[in-house]
Amino acid sequence: MSEPILSICIATRNRAAFIGQTLDSLIGQMTDEVEVVVVDGASTDGTEQVVHAYERRTPHLRYLRLEQNGGFDRDYDRAVHEARGQFCWLFSDDDLLKPGAICAVLDAIAQGYCLLIVNAEARSADLSELQQERVLPIGEDRTYGPQDQEQLFVDAAKYMSFIGCVVIRRDIWLARERERYYGSAFIHVGVIFQAPLPGETRFIGAPWIVIRYGNASWTARAFEIWMVQWPRLIWSFPHLSDAAKRSITRKEPWRSPVVMLLSRAVDGYSPQIYRDRYAPLLTDERDRWMAWTIAHTPGVLINAAALLAFKLMRPYDKLMQVNFRASRFYYRNYLRSLFGEKRGQRS
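Numbering (the working numbering), first residue to last: 59 to 405.
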């Protein structure tokens, strides 16, 4: 076939249970202008067998299995390197595209933008329940010029922590610094915001993506990612104002009692994390006392208080409320685990 316009680039590892459904949502709407590139970071489950089955019957799908896992950022960079399209859609390995999504993106590409940000809806991990109609609560399309990068950053950087929303011109990606963002978990954010882009960005307000919310592969590393890596990245862009960066995250969010309480409420902070990760960051005795106290306060109490506070003061923040209910500290989950363990002991 001729060189594709769009390469859908997926980096995956141990997602045999989900990647087939993702590929089904892509392949059914592909044209000759589109290819799919899957880079597998040395999966140890059945991912290789699942993708090979699709590759055999899909001419525009290419699968590359690596000898060792390069990590999230390096493997996405490799996928873009292997791609042949003019644009690369950095798609996730467990989410879905709605019918018509690829056509909508191809139409936007034809208008000459260098970057597209595609909105998404969030559903439960089994896709049965709609959690939020638009993850980024902007319904209309918006255009940002190179001079508007700070406004793009303020409007969309939080949402862009989700890599699946990014469609970028491949030559721009390859021309920019990438290796410095290996290990950050957000290479795409670094590539996009390290300097103004050479052309216009289009935000597509229609939610063409279905996010399988709560199914992230990095959940076990949440403290390190959101308290250290994410703020370090956001505050690394010298041309963006401190006010803009502060609107996305504090420079050291782990210094905030409120942030740490919320982290405890969703089971992202524990006595072990305090001991292994957090205590070494603290030099002030009062900060240590605060951090120790939050880590050792029963999570079920903090979860209940946080959920009530969000219901009353931030009822629009549906996804944060979903996070509270998904935590093992949510009272229903807590009681279920408690009494389930007791029944198991009696039997």
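Note that beta-carbon positions come from the ideal geometry of N, C-alpha and C, so glycine has one too. The structure presented is a predicted model; accordingly, all values stated were derived computationally and were not measured.
| query | result |
| --- | --- |
| CB contact check: Val-92 to chain C, cutoff 8 Å | Among the chains of the structure shown, chain C does not appear; only one protein chain is present. |
| Where Ser-101 falls, given that 16 or more other Cβ within 10 Å makes a residue buried | buried |
| One or two residues paired with Arg-260 in a DSSP bridge | Leu-174, Thr-201 |
| For Pro-256 and Arg-142, believed in contact at Cβ under 8 Å, the rounded distance | Actually they do not touch by this definition, with Cβ atoms about 21 Å apart. |
| Span of the alpha helix (DSSP H), counted from its first residue to its last, around Arg-344 | 343–354 |
| Residue from Ile-262, Gln-126, Asp-90, His-118 with nearest C-alpha to Gln-169 | Ile-262 |
| Beta-carbon separation (whole angstroms), Ser-182 vs Gly-272, contact threshold 8 Å | 7 Å |
| Own chain partners of Leu-291 with C-beta closer than 8 Å, once the 5 adjacent residues on each side are dropped | Tyr-239, Ser-242, Phe-244, Val-247, Gly-248 |
| Where Asp-133 falls, given that 16 or more other Cβ within 10 Å makes a residue buried | buried |
| Own chain residues within Cβ distance below 7 Å of Arg-335, not counting five before or after | Phe-281, Glu-282 |
| Closest Cα partner of Asp-131 within the set Arg-73, Arg-390, Gln-287 | Gln-287 |
| Beta carbon of Val-11 nearer than 8 Å to that of Val-176 | Given that the chain is displayed from residue 59 to residue 405, the structure contains no residue 11 and the question cannot be resolved. |
| Three-state secondary structure (DSSP) of Ser-395 | helix |
| Three-state class that DSSP yields for Arg-404 in the structure shown | Confidence is the limiting factor: at Arg-404 the pLDDT is only 49, short of 50, which leaves the residue's position unreliable and the question unanswerable from this model. |
| Candidates Leu-148, Glu-93, Asp-342, Arg-120: closest to Cys-223 by CA position | Leu-148 |
| Inter-residue spacing [alpha-carbon to alpha-carbon] between Tyr-202 and Glu-258 | 6 Å |
| Alpha carbon of Ala-74 to alpha carbon of Tyr-112, nearest angstrom | 12 Å |
| Collapsed DSSP secondary structure at Val-324 in the structure displayed | coil |
| Close-in-space but distant-in-sequence residues of the same chain around Ser-405 (CB under 8 Å, 5 per side omitted) | With a pLDDT of 45 at Ser-405, under the threshold of 50, the modelled position of this residue cannot be trusted, and the question is left open. |
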